[in-house]
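Just so we're aligned: 5 in the UniProt record's numbering is position 5 of the sequence shown, and the numbers increase by one with no gaps anywhere.
All C-beta atoms, glycine included, are put in the ideal place defined by N, C-alpha and C.
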Amino acid sequence: MEDESYERARKRVRELRGFYEHLGIYLVINLLLFAINAITSPGAWWFYWVTLFWGVGLLFHALGTFLGGRFLGPEWEERKMREYVEKEKKRERKG
1 MEDESYERAR KRVRELRGFY EHLGIYLVIN LLLFAINAIT SPGAWWFYWV TLFWGVGLLF
61 HALGTFLGGR FLGPEWEERK MREYVEKEKK RERKG
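Structure (structure tokens):
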């Protein structure tokens, strides 16, 4: 039981680390792109397209990291399994 708790904690920490690394890279690269854009073509702002679309990906990463466990985590899986087992039992009783 303790090993399972430890492994779940390890998985969670890895998920968090992955998100924070992604966020850090996003910030550094987008600041760099902003600087390049400002220096090379200040009249035509293109860096924000990268920031926008990458930001959408980062948002999904954040949702998966911070809310994913609530909606699609082990508890959700267990609840869905029970639902399907109950449906199968009802179907077997009828048929």
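{"Asked": "DSSP three-state assignment for G64, whether helix, strand or coil", "Found": "helix"}
{"Asked": "Proximity below 9 Å, CB of Y26 to CB of G68", "Found": "no"}
{"Asked": "Contacting residues, own chain, Cβ-Cβ under 7 Å from F34 (five flanking each side not counted)", "Found": "F47"}
{"Asked": "Best match in L16, L52, E4, R10 for proximity to H61 [C-alpha to C-alpha]", "Found": "L16"}
{"Asked": "Beta-carbon gap between T65 and F19 smaller than 9 Å", "Found": "yes"}
{"Asked": "N37 to H22 span [Cα, whole Å]", "Found": "22 Å"}
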